[in-house]
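In our numbering, the protein residues as written are 77 to 293. Note that beta-carbon positions come from the ideal geometry of N, C-alpha and C, so glycine has one too. Read through the structure below, which is laid out as structure tokens, and then see the notes.
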Ligand code: DX5
Ligand code: ZN
């Protein structure tokens, strides 16, 4: 398993310190960028991940919940092993979003909402490095995992076949369901609320790894 730390529900006033305190236990830091149009919530733009980029060695995965990913992707300072993820339902055409992210020199991810048919991804499979399956409606942390996501994961795993695509899942994952999510075919889980709403976030990450029953990839 790989674990990405979603910082949406972290204490943003001491974000750097919080990430560094968990750095040995996580594989990515996940940034939820929301524009108030694509989703009914506003978070932050490039300024936050850009401010942290040179201070943190862990790769970033930047989840663009915005209508114009091709417009905004070039404003992120990224490293080659970072991932910038656009939504297939955004207004910008996927080929333009993919080209804009590729020009940054990092990896390309595509995400889809829980009700978007998986077939919509098919044309883009040869061009992406990650698929981020949403297991909650995007917009807010701390929502309940949608159980139909498990069947979607199984189907996506079959569609990916032998392609070098990382299958990631985002939303509602914690110690109670992480093993089921992995068994359905996910390789990477994004986790926020189960860590940051726990009394001791470090203990919560350790419990998550234990519940996963998998070594770190
Ligand atoms: C939801 C976000 C998720 C969220 C993580 O729009 O994309 O990344 O922060 O989900 P929880 O908080 O449920 O772990
Ligand atoms: Zn996210």
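task = Have a look at 212, 248 and 288 and flag the residue whose alpha-carbon is nearest the alpha-carbon of residue 272.
result = Walking along the chain shown from the start, residue 272 turns up at place 196. The option with the nearest alpha carbon to residue 272 is 248.
ask   = In angstroms, rounded to a whole number, what distance separates the CA positions of residue 112 and residue 205?
value = Here residue 112 refers to the residue found at position 36 when the chain shown is read from its first residue. Here residue 205 refers to the residue found at position 129 when the chain shown is read from its first residue. Going by the C-alpha atoms only, they are around 27 Å apart.
request  = Note down the Cα distance separating residue 89 from residue 237, rounded to an integer number of angstroms.
outcome  = Indexing the chain shown from 1 puts residue 89 at position 13. Indexing the chain shown from 1 puts residue 237 at position 161. Rounded to the nearest angstrom, the two C-alpha atoms are 42 Å apart.
query = Starting from residue 92 and walking both ways along the alpha helix (DSSP H), at which residues does that stretch end?
reply = Translated into the one-based positions of the chain shown, residue 92 becomes position 16. Run containing residue 92: 91-98, per the alpha helix (DSSP H) assignment.
query = Buried or exposed: residue 277, going by 16 or more other Cβ atoms within 10 Å of its Cβ?
reply = Position 201 of the chain shown, counting from 1, holds the residue named residue 277. Counting Cβ neighbours within 10 Å, residue 277 comes out buried, since at least 16 surround it.
ask   = Using 9 Å as the limit for Cβ to Cβ distance, is residue 223 near chain D?
value = The question asks about chain D, but that chain is absent: this structure has only one protein chain.
inquiry  = Less than 8 Å separating the Cβ of residue 85 from some heavy atom of the ligand DX5?
reply    = Here residue 85 is taken as the residue at index 9 of the chain shown, counted from 1. The answer is yes for residue 85.
query = Taking 8 Å as the line, does the beta carbon of residue 113 fall inside it for any heavy atom of the ligand DX5?
reply = One-based indexing of the chain shown puts residue 113 at position 37. Residue 113 Cβ: outside cutoff for every heavy atom of the ligand DX5.
query = Among the residues of its own chain, which have a CB less than 8 Å from the CB of residue 150, if the five just before and after it don't count?
reply = Here residue 150 refers to the residue found at position 74 when the chain shown is read from its first residue. Cβ within range, chain order: 176, 179 and 180.
request  = Rounded to whole angstroms, what's the CA-CA distance from residue 254 to residue 158? Just pull it up for me.
outcome  = As a working mapping, residue 254 is identified with position 178 in the chain shown. As a working mapping, residue 158 is identified with position 82 in the chain shown. Rounded to whole angstroms, residue 254 to residue 158 spans 23 Å at the Cα level.
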